[in-house]
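Worksheet: one structure, shown below.
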Amino acid sequence: MRKSEITRETKETKIQASIDLDGTGKSLVETGIGFFDHMLTLFAFHSGFDLTLKADGDLSVCDHHTIEDCGIVLGTLVNQSLEDRAGIQRYGSMRMVMDETLCDVDLDISGRPYLVYHCDLVREMIKDYSCEMTKEFLYAFAMQSKITLHVNVLYGDNDHHKIEAIFKALGRALAKACEVTGTDIPSSKGVIQC
2 MRKSEITRET
12 KETKIQASID
22 LDGTGKSLVE
32 TGIGFFDHML
42 TLFAFHSGFD
52 LTLKADGDLS
62 VCDHHTIEDC
72 GIVLGTLVNQ
82 SLEDRAGIQR
92 YGSMRMVMDE
102 TLCDVDLDIS
112 GRPYLVYHCD
122 LVREMIKDYS
132 CEMTKEFLYA
142 FAMQSKITLH
152 VNVLYGDNDH
162 HKIEAIFKAL
172 GRALAKACEV
182 TGTDIPSSKG
192 VIQC
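Numbering (this note's numbering), first residue to last: 2 to 195.
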């Protein structure tokens, strides 16, 4: 049962969420940030994970706390759902095309959280979504899921396409890494720090 659910509440946000790594890509996402909802829905669809996430945040201030905290929650859900990591593929990569944009996402469910991020974005906002929050979301997600995550947008002209390619590629790369292919913990150490 590779499932998890969590409620996280601070003075800035309240987030209720659940994930099923062996789902069918169904999602119900409500963050109050339309573009971000779209990205998380695409992540769920392309990963095949079932995801529910409802966030109530201090959007009257800005979108920073809501997006960052959603990264924390999603990373925590993935970390909890993988338990001791026994049998998983561990590594996942995806090269994603989105019209004129080309993006690589490579990751290792290593127990050593790290983010390498290369993406040049021109726009400050896409409607109510701060483009700079893409990196903040990915950082929070990587830290809490305890994965090493490399995101490289090789080229592209449209910031919507760049961000969408990242979320789609992340979903597909993570699905590969979470795939069960055996029974052993995939590390010569015999353990992956959870």
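Beta carbons are placed, not taken as given, at the ideal position from N, Cα and C, and that holds for glycine.
| Asked | Found |
| --- | --- |
| DSSP three-state label for Gln17, please. | strand |
| Could you tell me whether the stretch 49 to 62 touches the stretch 84 to 93, where touching means 3 or more Cβ pairs closer than 8 Å? | no |
| Count the CB pairs spanning the stretch 160 to 180 and the stretch 106 to 126 that are closer than 8 Å, and state whether there are at least three. | yes |
| Rounded to whole angstroms, how far is the Cβ of Phe37 from the Cβ of Ile68, which I believe are closer than 8 Å? | 6 Å |
| Do Lys177 and Met99 have their CB atoms nearer than 9 Å? | no |
| For a test of the three-state rule: what should DSSP assign to Met97, helix, strand or coil? | strand |
| Determine the DSSP secondary structure at Ala87, reduced to helix, strand or coil. | coil |
| Does the beta-carbon of Met2 have 16 or more other beta-carbons within 10 angstroms, so that it is buried, or is it exposed? | exposed |
| My assumption, with CB atoms under 8 Å, is that Cys179 sits in contact with Leu83. Please give the rounded CB distance. | 7 Å |
| Would you say Val74 and Ala143 are within 9 Å of each other, going by their C-beta atoms? | no |
| Evaluate Asp23 with the Cβ neighbour count: other Cβ atoms within 10 Å of its Cβ, from every protein chain shown; 16 or more gives buried, anything less gives exposed. | exposed |
| In the DSSP assignment, find the alpha helix (DSSP H) that holds Lys196 and state where it starts and stops. | The structure shown has nothing for residue 196, since the chain only spans 2 to 195. |
| Tell me the residue span of the alpha helix (DSSP H) that contains Cys179. | 160 to 179 |
| Going by DSSP, which residues form a beta bridge with Met126? | Ser131 |
| Using the rule of at least 16 other Cβ atoms within 10 Å of the residue's Cβ for burial, across every protein chain shown, is Lys128 buried or exposed? | exposed |
| Going by the DSSP bridge assignment, what does Arg9 pair with across the sheet? | Ile16 |
| List the endpoints of the continuous alpha helix (DSSP H) containing Asp38. | 35 to 48 |
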